[in-house]
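Heads up: the sequence shown is residues -20 to -1, 1 to 455, going by mature numbering (1 follows the signal peptide of the UniProt record, and there is no 0). One structure is given below, encoded as structure tokens.
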Amino acid sequence: MKTFHAVAALTVAAASAVQAMITCDSNNPCPSSAPCCSSYGFCGVGAYCLGGCYPKDSFSMDSCMPAPVCKSSDYDFNNMNGFIENTEYLGDPSSGNWVFSGDPLMYNNEAVLLTMTEDSSGTLLSSTRYVWYGKMSATMKTSRGAGVVTAFIMMSDVKDEIDFEFIGTDVQTAQSNYYFQGITDYGNEKNLSSPNTDSQWHTYTIDWQPDSLSWEVDGKVLRTLYRNETYNETAGQYHYPQTPSRVQFSLWPAGKAGNAQGTIEWAGGEIDWSSPYMQNGYYYAMVKDVTVDCYNPPAGYNNQGNKAYWYENKYGTNDTVVVGNNGTTLSSFLATGEEPKKGASSSASNTATKSGGKSSASSSATAQPETIPGVSGGGSRESGSDVASGSGSSSGSSGSYVPRKCSATNRIIKAKDHGSVQISVAKVDENGRFTGETQAYALCGFVRAMGESDDCINRLTQRDGYLKNVWSASR
């Protein structure tokens, strides 16, 4: 994937509610006040310290929480009982098997739809448990249309990555790719034959072993990569995916206007939001079932237990991975790897905020660290974009979450099942005085044709804390 792990994000909060985002990179690690660097390159606490927390640019090696170890499992997506939203997940894998952002929907008790409307960044589904080598299979149908990309990938917290990607303008092909620590090498991508990916069920398999990696379609191996083929003489190391990774599925708008031109071209052009391939106002892909078969860790690994993975230093290679018994769960969205119990006794501490806003854990104007990073779904595919795909490396201009569209008037203008909800948001100055109306963006992903506007507003403020103070002032 092109460097697409963009902050799935357009700047979305009203100006009075947005605090300056703290960025992180190799020269500027996160500060102790917001110690966890997301894979999008922004600093925060809470969910920033969970899946996707980038240890290399975080405040310390203890900032990111350990990751839950692999567990072999079969998942039939005939219901969504094991799904948990990213605004609720605190790192306990027993609370759910899959963390989602966006709007996954159930289809006839047969499969999960990954949906994408014009005003969203698509849908991202991530396993709560990591895999350190294993065999992962998924039965899927892809989306179709220019600029629309479906992805099934493995992504580690240090940006090792293994991909199946499907371009909506070529439904006869599956693209295979891999990355080592997010380093782009265009020679790594190869096309594989997979007929009618949008209309026929196919089972795609990633067989990831310490010394070899295979991509399979319907049980047939179509590509094999050997670790010894990836040696980089300049770096003196193997550029081979080798660190614990999450299983991820996404539908993302690679062809959205404003994305990097190279990404738009790769994705088959700009998205047509009036396309006949849309149904009920959204593009969709389908995931029917997933199987994860865990392999043993590599020979000689640092064995200190069997509950969690973490890194002992910033090299981020397989010989720096520890398997131990450290906890994986935060007590609140104010907690971090250094302080996992922080906020445990606070009644407001479990209210998360999306990137780009103040914490709803406080009713004052005091800025709080970000607690929920933006999302994206295309891995390392695209650089400099504002939209989301399903995972990947950092890029984009903001850490704000891309959501359902809202605009101007303190009332529900539109509310439809699985659709967007339009509300108004008032601009206020630092003293709380009304200064006019403005457009803002917020999530309301599970609206069910609500007739009561305050009900929806309350949901919006709960899910998107950065709107809370603005809405309170405007009321």
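Ideal Cβ positions, reconstructed from N, Cα and C, are used throughout, including at glycine. From a predicted model like this one, the values you see are computed outputs, not experimental measurements.
Looking at the strands, I want to know which residues DSSP matches up with residue i.
i           : result
T185        : S117, E196
Y159        : E141
V301        : Y291
Q259        : Y262
V92         : M86, V267
L314        : Looking at the DSSP assignment, L314 forms no beta bridge with any residue, so it has no partner.
residue 510 : Nothing about residue 510 can be reported from this structure: the residues present for the chain run from -20 to 455 only.
D191        : Looking at the DSSP assignment, D191 forms no beta bridge with any residue, so it has no partner.
T308        : The partner list for T308 (beta bridge, DSSP) is empty, contrary to what the question assumes.
T130        : F146, L231
Y55         : V270
N282        : V302
Nearest by alpha-carbon distance to residue i: which of the options is it?
i    : options                : result
E234 : G24, T97, Y184         : It is worth fixing the name first, because residue 234 is Ala in this sequence and not Glu. Out of G24, T97, Y184, T97 has the C-alpha closest to the C-alpha of A234.
V197 : Y69, F132, Q217        : F132
I186 : P175, S325, P320, E141 : E141
D273 : N66, G162, L231, A118  : A118
W195 : N176, S179, H219, T153 : T153
R109 : P48, G199, D83, K236   : P48
L104 : D83, A279, P11, D54    : D83
K170 : P46, L205, T214        : L205
I176 : V227, T164, M120       : It is worth fixing the name first, because residue 176 is Asn in this sequence and not Ile. Here the closest residue by C-alpha is M120.
Y275 : P190, S325, N305, Y291 : P190
K51  : Y295, N59, P73, E250   : P73
D137 : D150, Q161, N157       : Q161
N305 : S311, T297, K294, W290 : W290
Y295 : T223, G199, Y184, E213 : T223
Y158 : G323, F22, M135, G102  : M135
N298 : V79, Q348, W112, K236  : W112
V201 : V227, E213, E209, S174 : S174
S101 : S230, I244, S325       : S230
What is the DSSP secondary structure of residue i, counted as helix, strand or coil?
i           : result
S454        : Legend: pLDDT at S454 = 30, less than 50; position of this residue unreliable, value from coordinates given subsequently. Three-state DSSP puts S454 in a helix.
W290        : strand
R109        : strand
R226        : strand
S380        : Its pLDDT being 29, under 50, S380 is placed unreliably by the model, and the measurement read from it follows with that caveat. Coil, per DSSP.
K396        : Caution is warranted here: a pLDDT of 32 is assigned to K396, below 50, making its placement in the model unreliable, and the coordinate value is therefore given only provisionally. Correct three-state label for K396: coil.
G26         : helix
S136        : strand
residue 456 : With the chain covering only -20 through 455, there is no way to say anything about residue 456.
E68         : coil
R207        : helix
residue 507 : The structure shown does not extend to residue 507, since the chain is modelled only from -20 to 455, so the question has no answer here.
N168        : helix
I244        : helix
P48         : strand
V(-9)       : With a pLDDT of only 28 at V(-9), under 50, the local geometry of the prediction cannot be trusted, and no value is derived from it.
D252        : coil
D99         : coil
D37         : helix
With a threshold of 8 Å, are at least 3 pairs of Cβ atoms found where one atom belongs to the segment 280 to 294 and the other to the segment 252 to 268?
no
With a cut-off of 8 Å, do at least 3 Cβ pairs link the segment 2 to 14 to the segment 35 to 49?
yes
Between the segment 58 to 73 and the segment 21 to 36, do at least 3 Cβ pairs fall closer than 8 Å?
yes
Three CB pairs or more closer than 8 Å across the segment 311 to 322 and the segment 43 to 58
yes
Take every Cβ of the segment 245 to 260, pair it with every Cβ of the segment 119 to 128, and state whether three or more of those distances are shorter than 8 Å.
yes
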